[in-house]
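Novice:
In my numbering, the protein residues as written are 23 to 111.
(1) Fully enclosed by the region 23-99, which alpha helix (DSSP H) runs are 4 residues long or longer?
(2) Between residue 89 and residue 65, what straight-line distance do the alpha-carbon atoms span, to the nearest angstrom?
(3) Out of curiosity, what's the CA-to-CA distance linking residue 57 and residue 91?
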């Protein structure tokens, strides 16, 4: 009888070990998933920040381009005026 009970207890221990192993695997998978979700969120945030910075840089380039256009226009006007004065002489 004691041997019979011992076998039953050993079987129960094996079942519990198998269940614990399954739970450990499940927890590992859950942690991997959580880590992936957190990493994806951080990547998305970094991309958003990068897009925002890129938009700001684009704005600065547009402002600079407008200033260059104004300077170019002034230089053309000055060149025309110099050309007209030269032709009058």
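Each residue gets a CB set at the ideal place from its N, CA and C atoms; glycine is no exception.
Specialist: Straight from the coordinates:
(1) none
(2) In the chain shown, counting from the first residue as 1, residue 89 sits at position 67. In the chain shown, counting from the first residue as 1, residue 65 sits at position 43. Looking at the two C-alpha atoms, the distance is approximately 36 Å.
(3) Residue 57 sits at position 35 when you count from the first residue of the chain shown. Residue 91 sits at position 69 when you count from the first residue of the chain shown. Taking the straight line joining both Cα atoms gives about 50 Å.
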